[in-house]
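Structure, as structure tokens:
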Amino acid sequence: MRALANLNGQIMPLEEVKVSALDRGFLFGDAVYEVVRIYQGRPWLEDEHFQRLARSLEAIRIHGVDLVRLRRRVHDTIEAGQFREAMFYIQITRGTSMPRRHAFPKQATPLELVWVEDYDDGPTAESRRSGVGVITHPDLRWHRCGIKSTNLLANVLANQAAHEAGCAEALLYLPDGTLTEASHSSFFWVQHDAVCTTPGRDNILPGITRALVLGLAGRANVTVREGHLRRDDLPRIDELFLTGTTSEVLPVVQIDGKPVGRGEPGPVTRKLQEVYGQAVREFLARP
Ligand SMILES: Cc1ncc(COP(=O)(O)O)c(C=O)c1O
Numbered sequence: 124m125r126a127l128a129n130l131n132g133q134i135m136p137l138e139e140v141k142v143s144a145l146d147r148g149f150l151f152g153d154a155v156y157e158v159v160r161i162y163q164g165r166p167w168l169e170d171e172h173f174q175r176l177a178r179s180l181e182a183i184r185i186h187g188v189d190l191v192r193l194r195r196r197v198h199d200t201i202e203a204g205q206f207r208e209a210m211f212y213i214q215i216t217r218g219t220s221m222p223r224r225h226a227f228p229k230q231a232t233p234l235e236l237v238w239v240e241d242y243d244d245g246p247t248a249e250s251r252r253s254g255v256g257v258i259t260h261p262d263l264r265w266h267r268c269g270i271k272s273t274n275l276l277a278n279v280l281a282n283q284a285a286h287e288a289g290c291a292e293a294l295l296y297l298p299d300g301t302l303t304e305a306s307h308s309s310f311f312w313v314q315h316d317a318v319c320t321t322p323g324r325d326n327i328l329p330g331i332t333r334a335l336v337l338g339l340a341g342r343a344n345v346t347v348r349e350g351h352l353r354r355d356d357l358p359r360i361d362e363l364f365l366t367g368t369t370s371e372v373l374p375v376v377q378i379d380g381k382p383v384g385r386g387e388p389g390p391v392t393r394k395l396q397e398v399y400g401q402a403v404r405e406f407l408a409r410p
């Protein structure tokens, strides 16, 4: 995989990036991040991702990051590597300080890391055609999931459990059985011809793809509702799909080994995949 990094403004191969052991991102997960898809060399939904990054930085009180400059660095790095089908990752940490103390250091300069890597959509494109299986897993995360923080251990463990079960994702549920979102995706379900998803005010990440799909569903004359889905309700839904920056609109055909609806990608999911693809094509057709 080809990957080019930009560490505090300096472009270098990703393998050459060195970060201090005293960096608070490394020690405490005191950091936030973003992942953005690049189609034909052009970052997709870039404004929305930078706006969410600004909100995450504000929420954890990392100040002094020049996001206009950071965006320029991203573009310089894409240009330097002549990336076409790719994605970029941004991570901002609170920086380095000595000695190790939990409270914010009086003086620390945020570390600004970006990298751009080639992205092969082939395997995901195949999953988009066939649909994937998921498991359900307890949601063991903290109460600030609206912040895109690098504290991802609960997500990592849930996703690992999915992989060990031969599945693509884990749908997370609260102690009362309410499903929230997935380990690195948002989810929607279809019931009585309406597309439903967990309310944005709940303790979930405000997915950029989720917001786009909500808008596209309206445009495609599909009724949209926010609501709650519990594990007990799963046998009664018609369709379920995941959304995310690289997965786009990904049909789920099995949950915990049981078929969703008829066990194949459903018509509403297919329709939304179509309008999603159209939105990307329209974006790429713009000068
Ligand atoms: C917990 C969680 N929910 C949802 C998403 C999807 O968000 P987006 O559509 O912005 O990629 C992600 C992406 O990383 C995530 O980590």
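In case it helps, the numbering used here puts the sequence shown at residues 124 to 410.
Just so it is clear, CB atoms sit at the ideal spot from N, CA and C, and this is done for glycine as well.
Is the beta carbon of residue i within less than 8 Å of some heavy atom of ligand 1?
i: asparagine 278; result: yes
i: glycine 330; result: yes
i: glycine 400; result: no
i: serine 309; result: yes
i: isoleucine 134; result: no
i: threonine 366; result: yes
i: valine 318; result: no
i: alanine 285; result: no
i: serine 306; result: yes
i: isoleucine 258; result: no
Closest to residue i by CA distance: which of the options is it?
i: proline 233; options: Arg223, Gln214, Asp243, Tyr242; result: Gln214
i: aspartate 262; options: Thr392, Glu249, Arg359, Leu280; result: Leu280
i: alanine 343; options: Ser179, Leu137, Gly400; result: Gly400
i: threonine 369; options: Arg160, Ala126, Thr273; result: Arg160
i: threonine 346; options: Glu235, Pro329, Val318; result: Val318
i: threonine 303; options: Pro329, Ala291, Met210; result: Pro329
i: valine 255; options: Lys229, Asn326, Val191, Gly289; result: Gly289
i: histidine 266; options: Arg224, Thr320, Asp379, Arg324; result: Arg324
i: leucine 335; options: Val158, Asp199, Glu171; result: Glu171
i: isoleucine 331; options: Asp361, Gly269, Lys381, Val376; result: Gly269
i: phenylalanine 364; options: Arg353, Arg354, Val376, Pro358; result: Val376
Exposed or buried, what is residue i when buried is set at 16 or more other beta-carbons lying within 10 Å of its beta-carbon?
i: proline 222; result: exposed
i: glycine 245; result: exposed
i: methionine 124; result: exposed
i: phenylalanine 406; result: exposed
i: serine 272; result: buried
i: arginine 264; result: buried
i: arginine 196; result: buried
i: glutamine 174; result: exposed
i: serine 309; result: buried
i: valine 313; result: buried
i: valine 191; result: exposed
Tell me residue i's beta-bridge partners as DSSP assigns them.
i: tryptophan 238; result: Ala128, Tyr212
i: phenylalanine 364; result: Phe311, Pro374
i: histidine 260; result: Leu295
### Message
Assess contact between the region 178-193 and the region 142-151, defined as three or more Cβ pairs (one per stretch) separated by less than 8 Å. Is contact present?
### Response
no
### Message
Within 8 Å, do at least three Cβ pairs link the region 194-208 to the region 229-245?
### Response
yes
### Task
Say whether the region 291-301 touches the region 128-147, bearing in mind that this needs 3 or more beta-carbon pairs closer than 8 Å, one atom from each stretch.
no
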